[in-house]
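Let me begin by presenting the structure, written as structure tokens, before commenting on it.
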DNA sequence: TTGACAACTGAACGAAAGTTCACTTTAGTT
DNA sequence: AACTAAAGTGAACTTTCGTTCAGTTGTCAA
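Protein chains in written order, with our numbering: chain A, 134 to 455; chain B, 134 to 455.
Here you go:
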């Protein structure tokens, strides 16, 4: 014969299940207040509170958020919490094989548009993604906007002219553009010193350091990546940089996997805002994505702890993996 | 060229979608308070309230209650609201072809067990379903419980003795049983009068009318149903009853589809609590189910407006259909 | 430009929900 | 039968939520 208390316990717990389920139904499906639920079920309101939280604890009540965007939102929140971002923007990717630059550019353009306001000083880098975001930036007539280059340009314009980005960006908002009329990478430390001292570049850098927003990318350093950069960086330099631990660059500041600038002579020949200054700009928007950028994005996040990261779905998942 | 405000509107609404989705995610998935959500998103708390209700209004947030019991709960609530019941109990059915009596009996037994308390006077009918519920009634030692028969018995005990139900029920709670030592259906109105006046049956009926709870079934009248009843009711009587509009009985009170007692001499030969008295008992538990009972259950509900209905899934759906 | 209108935003209030504590009831034990 | 431990229940309080109203911003048309 079965122990009587066992039978009793089962019956009681079943009745509890039933009551809990009814409470959940009336509260969540019929939308009654907890007081009304209590009245309908003939129990105390506090009991209903307890039944409902028990139901949620048991996972008997599940809340779903519909739409394919929901998974993106989850990714965004995960990125934000994992990397301490104020905001992560993850662009959806339809074709996993395709280059994510286009979607990232669209997302970045939209976000930058929303950031712009009168009286703003914004520092900008350059790169393929930023360039492609131009059509997605919605120009407005804003007063007292200043657009400042965060680094020099390159001599031979190819697919696009880096300097063009800051300039066209400024144009969109009828803003003043402060460009750096010098190469990002010069031949020697001396040449850099001369340019900084004598060509008024100091002024532009000062202004860049007062910017409220910085928008920039992150460059990889593997053979395949950032083809344009190969014009400036020959294979020997690239090799010596990777030997020094570099995984990529932010504004031509080459950093290792930890986000620390590598000890390498090339860093003395760069004409750009240094990472410390960049990290002091209140809003730092890092725009980057792609499989070959994972490592450098992580490094860049450590180096300048951006407030905003704009990337794509696949890159986001890779960044979160491990 | 597209109108600029169209572009603007799209962009704005997209941003709104995004914000709403993020709010919904952080609130529902991460479980933050609305104040925290507001802080995370950098907006006002009230805005978050509005975003969330907008998301719910749009159906972007769906709440699900899991488990196969959830659909039963829905049926129960529908029955309760449709027929003005305090409580509907719907037993799950595994096989649509099978007789639902067993599951209804189990549900009824469990519910009756929960209803029982010391000092209670409970009136009971009889029938196959109630008989089968006996093993599911959990007996306890309760003080001052009185079990009263609501109607007479039958002479030839076959599969079960109707009187046995009240008696065994009383035994379960070590209660006093007040049975009606007479047939439910006698040969003539005179015989009924004599029995009532001279055999002390009046006393039992008085007590039945003071019961706090009544538990009873509903009987169909078609050829196939309630086989036991055929002992008392011959084919001619049955025919004349249906001709009079009867669709079945509650405690041998034959009623039409509207729940109104039919005008028929047989009603003068019945020894049972009449429907008006039954309807005055505070808690009225109707236990019935099966495809052939649909019509009589509806009629019974109209006749005595039970506070509790115990039935099965399929019957419940049929009752709600139309 | 300027004025009117609409949409959005924020503050204050009242309602609802959740938590903590003390108490009652109940089951098991001596 | 009386005691103890534990589960359950209810009341007061705090926090959170939703609604209403007034103010603001932005937008469109004249």
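We put the CB at the ideal spot given by N, CA and C, even for glycine.
The model shown is predicted, which means the values in this text are computed figures rather than measured ones.
Check your understanding: Helix or strand or just coil, what does DSSP make of residue 242 (chain A)?
Key -> helix
Exercise for review: Identify every run of the alpha helix (DSSP H) within the segment 384-431 of chain B, keeping only runs that are complete inside it and at least 4 residues long; order them along the chain.
Suggested key: 408-413
**Study point:** Cβ-based contacts, 9 Å cut-off: residues of the segment 402-424 of chain A near chain B
**Key:** none
Check your understanding: Any idea if residue 274 (chain B) is buried or exposed, counting beta-carbon neighbours within 10 angstroms, 16 or more meaning buried?
Key -> exposed
Check your understanding: If you draw a straight line from the alpha carbon of residue 164 (chain B) to that of residue 192 (chain A), how long is it in whole angstroms?
Key -> 14 Å
Practice item. Return helix, strand or coil for residue 313 (chain A), following the three-state DSSP convention. Key: coil
Check your understanding: With 9 Å set as the bound, which would you pick, yes or no: does the beta-carbon of residue 249 (chain A) sit closer than that to a beta-carbon of chain B?
Key -> no
Exercise for review: With a threshold of 16 other CB atoms inside 10 Å of the CB of residue 309 (chain A), please say whether the residue is buried or exposed.
Suggested key: exposed
**Study point:** Cut-off 7 Å between Cβ atoms - residues of its own chain near residue 405 (chain A), not counting five sequence neighbours on either side
**Key:** 283, 284, 285, 317, 384, 385, 386
Point to revise | Within the segment 162-214 of chain B, ranges of the beta strand (DSSP E) (whole runs, at least 3 residues) | key: 194-198
**Study point:** residue 184 (chain B) versus B:201, B:159, B:300, residue with shortest Cα-Cα distance
**Key:** B:159
Check your understanding: Which bits of chain A does residue 197 (chain B) rub up against, with CB to CB less than 8 Å?
Key -> 194, 195, 196, 197
Exercise for review: Output the boundary residues of the alpha helix (DSSP H) element that contains residue 369 (chain A).
Suggested key: 368-376
Exercise for review: Could you please tell me which residues of the segment 201-213 of chain B, in chain order, have their CB closer than 9 Å to any CB of chain A?
Suggested key: 202, 203, 205, 206, 207, 209, 210, 213
Review point. Where does residue 382 (chain B) sit, in a helix, a strand or coil, going by DSSP?
Key: strand
Review point. Measuring CA to CA, which of A:234, A:398, A:189 is closest to residue 443 (chain A)?
Key: A:234
Review point. How big is the Cα-Cα spacing for residue 453 (chain B) and residue 212 (chain B)?
Key: 7 Å
Check your understanding: Considering only C-alpha positions, which residue in the set B:378, B:391, B:435, B:305 is nearest to residue 268 (chain B)?
Key -> B:305
Point to revise | Straight-line gap, residue 314 (chain B) to residue 322 (chain B) (C-alpha atoms, nearest Å) | key: 17 Å
Exercise for review: Go through its chain and collect everything with a Cβ distance to residue 434 (chain B)'s Cβ below 6 Å, but skip five positions before and after it.
Suggested key: 216
Point to revise | Between the CA atoms of residue 424 (chain B) and residue 393 (chain B) - distance to the nearest angstrom | key: 21 Å
**Study point:** Nearest to residue 246 (chain B) (by Cα), restricted to the options B:438, B:312, B:231, B:278
**Key:** B:278
Check your understanding: Helix or strand or just coil, what does DSSP make of residue 220 (chain B)?
Key -> strand
**Study point:** Expected contact under 8 Å - CB spacing of residue 380 (chain A) and residue 432 (chain A) to nearest Å
**Key:** 5 Å
Review point. Below 9 Å between beta carbons: does that hold for residue 218 (chain B) and residue 416 (chain B)?
Key: no
Exercise for review: Report back the beta-carbon spacing between residue 262 (chain A) and residue 241 (chain A) to the nearest angstrom; my notes put them in contact at under 8 Å.
Suggested key: 7 Å
Check your understanding: Touching or not, the segment 167-186 of chain A and the segment 195-202 of chain A, by the rule of three or more beta carbon pairs under 8 Å?
Key -> no
Exercise for review: Please go through the same chain and pick out, in chain order, the residues whose beta-carbon is closer than 7 Å to the beta-carbon of residue 437 (chain B), but skip the five residues on each side of it.
Suggested key: 383, 408, 411, 412, 417
**Study point:** Alpha-carbon spacing of residue 401 (chain B) relative to residue 258 (chain B), whole angstroms
**Key:** 19 Å
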